[in-house]
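Colleague: Residue numbers (this note's numbering): 2 to 427.
For glycine and all other residues, C-beta sits at the position ideal for the given N, C-alpha and C.
Structure incoming, see below.
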RNA sequence: GCCUGCGUGGCCCAGUGGUUACGGCGCGGGAUUGCUAAUCCCGUUUCCCUUGUGGAUUCCCAGGUUCGAAUCCUGGCGCAGGCGCCA
């Protein structure tokens with residue numbers, strides 16, 4: 002959520018930001034907000050005056066009672082005030098609700114370097130790392146490779162759990178564990194504290210960042226409980242600090258967590274293809290930073306570099322694709338994806354996603370800190386995928402496959418797996 | 001699931017209808033004395049305005065009673081302990 006003071010003090014900045022996102026229909030929200038906010042403040046002043054008056058008379062009654070004086074006339078005077086206050090407050094609250102719903106629709110101020118554009122088609126490729134492999138044979142997709150090696154069984158998972166799940170077996174499942182361990186060690190070595198989070202989370206933590214409609218579309222609800230299966234460990238990691246007051250000496254907080262993630266995946270893409278790329282359940286090593294506002298762009302670069310390095314070591318062909326203004330969701334000040342090469346389709350596809358939300362997320366979740374000069378402020382929050390292993394496995398299988406159907410194991414994973422290749426003809 | 005207790009500022013804690021929510025810790029600023037620091041003073045919920053010796057607000061949340069609620073009433077949420085169940 003954007004800082005209300007920015008809209009009050011510099012509405013033009015807020016409008017320019019909206020224009021950069023090409024969300025012209027939202028421009029009127031700023032004027033509407035300014036107008037209603039002025040009205041609210043007028044009512045607030047009026048209300049304060051009414052209360053001053055009420056408090057004054059109440060005090061007089063108290064004094065009169067102490068001195069055993071007659072309070073009848075004072076009581077008569079006092080009794081008419083509460084109704085006025087109630088009416089005034091009703092009007093205030095109504096406007097307050099409008100203001101709050103406007104506020105969440107007004108996007109966070111973006112970093113000036115975010116490339117301008119309308120949709121994901123306008124995202125900007127910043128760097129290409131590694132080269133797509135050249136095959137002397139016709140490469141197979143990960144589903145074919147997985148099934149022919151006995152690693153993946155989508156028929157069985159459809160039987161037990163439905164569409165969007167998988168059974169992963171044997172060396173591929175062990176390679177999955179190797180990836181998890183590799184990413185965990187990588188993050189710990191980079192100075193991030195390893196956290197094992199709850200896999201279920203309360204609605205009010207999610208509500209800080211998502212609307213009810215978004216939650217229902219994304220997260221699985223536990224029957225008869227106020228709990229959802231986590232869609233990413235970012236939520237419990239940030240949620241650890243929900244409504245907390247930190248000290249500047251505690252910052253930056255740098256965390257990494259491994260968890261299963263659960264997503265309904267209802268929406269534009271949906272689960273319309275078999276395979277590991279988009280599933281209801283997947284493994285993810287995540288990273289989160291909560292830092293002083295002055296440092297957040299430094300940590301944005303750090304997070305981005307971490308995921309690049311992590312994938313470079315796996316020798317996968319990847320590229321950095323920065324989200325354009327129109328593709329960034331309203332909370333994000335800047336964001337980029339790493340995308341990995343899919344040799345069959347000959348396209349790059351999203352594999353990690355880094356985001357700086359500046360203070361927008363902290364404001365929604367009530368995460369604050371006391372700075373050196375004793376001022377209370379909102380920290381900046383950032384998050385990034387270290388690795389979503391199912392997507393990494395897709396990339397490894399498809400890019401490192403050999404003619405006989407075996408798959409070369411990246412060197413960085415060999416010590417975890419104890420093998421240089423998996424599968425192939427026996 | 002049942003029983004009991006609890007929820008007050010960044011933290012701990014006092015406060016059973018009436019000035020400005022007591023006190024301690026921590027933190028920030030200042031003064032003073034000097035030697036691994038001590039002592040003292042001021043400040044430290046949030047919001048609004050005409051920015052100052054200003055006003056309002058705040059005791060888990062939402063209602064209610066009252067001229068006046070941290071305090072009383074109703075409903076809800078959360079936490080802890082005990083018992084049960086399960087591993």
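My understanding is that residue 297 touches residue 366, with C-beta atoms under 8 Å, so please give their C-beta distance in whole angstroms.
Modeller: So it is not a contact: roughly 16 Å between Cβ atoms.
Colleague: Helix, strand or coil, according to DSSP, for residue 238 in the structure here?
Modeller: helix
Colleague: In or out: residue 330 buried (at least 16 other Cβ within 10 Å) or exposed?
Modeller: exposed
Colleague: CA-CA distance, residue 92 and residue 168?
Modeller: Near 57 Å, if we compare the C-alpha coordinates of residue 168 and residue 92.
Colleague: Based on Cα-Cα distance, which residue from 362, 396, 313 lies nearest to residue 128?
Modeller: Of the candidates 362, 396, 313, the one whose C-alpha sits nearest the C-alpha of residue 128 is 313.
Colleague: Nearest CA to the CA of residue 273: which residue from 145, 340, 163, 342?
Modeller: 163
Colleague: Just verifying my parser: in three-state terms, what is the DSSP assignment at residue 31?
Modeller: helix
Colleague: List, from N- to C-terminal side, the beta strand (DSSP E) runs of 3 residues or more that fit wholly inside the stretch 131-216.
Modeller: 194-196, 201-203
Colleague: So which of 40, 86, 31 has the shortest CA-CA distance to residue 50?
Modeller: 86
Colleague: With DSSP as the reference, identify every bridge partner of residue 370, one or two as the case may be.
Modeller: 247, 378
Colleague: By how many angstroms is the C-alpha of residue 328 removed from the C-alpha of residue 46?
Modeller: 41 Å
Colleague: How close, in whole Å, do the beta carbons of residue 123 and residue 292 come, if the pair is a contact with beta carbons under 8 Å?
Modeller: Taking a contact as a CB-CB distance under 8 Å, the pair residue 123 and residue 292 does not count as one, their CB atoms being some 29 Å apart.
Colleague: On the DSSP bridge assignment, give the partners of residue 257 in chain order.
Modeller: 195, 288
Colleague: So residue 408 is in the alpha helix (DSSP H); what residue range does that whole segment cover?
Modeller: That residue, residue 408, is in no alpha helix (DSSP H); its beta strand (DSSP E) goes 407-409.
Colleague: Spell out the partners DSSP gives residue 422 in its beta bridges.
Modeller: 409
Colleague: Please report the Cβ distance between residue 1 and residue 279, rounded to the nearest whole angstrom; I am assuming they are in contact, meaning their Cβ atoms lie under 8 Å.
Modeller: A question about residue 1 goes unanswered here, because the residues of the chain that appear run from 2 up to 427.
Colleague: Helix, strand or coil: which one does DSSP assign to residue 18?
Modeller: helix
Colleague: DSSP three-state label for residue 283, please.
Modeller: strand
Colleague: Are there 16 or more other CB atoms within 10 angstroms of the CB of residue 343, so buried, or fewer, so exposed?
Modeller: So residue 343 counts as buried.
Colleague: Let me check understanding here. Comparing Cα to Cα, which of 340, 220, 102, 197 lies closest to residue 206?
Modeller: For the residues 340, 220, 102, 197, the minimum Cα distance to residue 206 belongs to 220.
Colleague: Alpha helix (DSSP H) containing residue 273: first to last residue?
Modeller: From DSSP, residue 273 is part of no alpha helix (DSSP H); its letter is neither H nor E.
Colleague: What does DSSP give as the partner residue(s) for residue 353 in the beta ladder?
Modeller: 339
Colleague: Do the stretch 368-378 and the stretch 240-251 meet, that is, are 3 or more Cβ pairs less than 8 Å apart?
Modeller: yes
Colleague: Could you have a look at residue 438 and say whether DSSP puts it in helix, strand or coil?
Modeller: Because the chain is modelled from 2 through 427, residue 438 falls outside the range shown and cannot be assessed.
Colleague: Which residues does DSSP pair with residue 383 in a beta bridge?
Modeller: As DSSP reads the structure, residue 383 sits in a beta bridge with 290, 357.
Colleague: Are there three or more Cβ pairs, one per stretch, closer than 8 Å when the stretch 377-394 is compared with the stretch 173-192?
Modeller: yes
Colleague: When DSSP builds the beta bridges, which residues end up paired with residue 96?
Modeller: Partner(s): none; residue 96 has no beta bridge.
Colleague: Terminal residues of the continuous beta strand (DSSP E) containing residue 264?
Modeller: Segment: none, residue 264 is in no beta strand (DSSP E) and carries neither H nor E.
Colleague: Tell me which residue opens and which closes the alpha helix (DSSP H) that residue 303 is part of.
Modeller: 297-314
Colleague: List the DSSP bridge partners of residue 128.
Modeller: 321
Colleague: Hey, quick one: how far does the alpha helix (DSSP H) through residue 73 stretch, first residue to last?
Modeller: 73-80
Colleague: Give the C-beta separation of residue 357 and residue 301 to the nearest angstrom, bearing in mind that I take them to be a contact with Cβ-Cβ under 8 Å.
Modeller: 5 Å
Colleague: Span of the alpha helix (DSSP H) holding residue 395?
Modeller: 390-400
Colleague: Under the rule that 16 or more other beta-carbon atoms within 10 Å means buried, what is residue 289, buried or exposed?
Modeller: buried
Colleague: Within 10 angstroms of the Cβ of residue 225, are there 16 or more other Cβ atoms? Answer buried if so, exposed if not.
Modeller: The residue is exposed, with fewer than 16 neighbouring Cβ atoms inside 10 Å.
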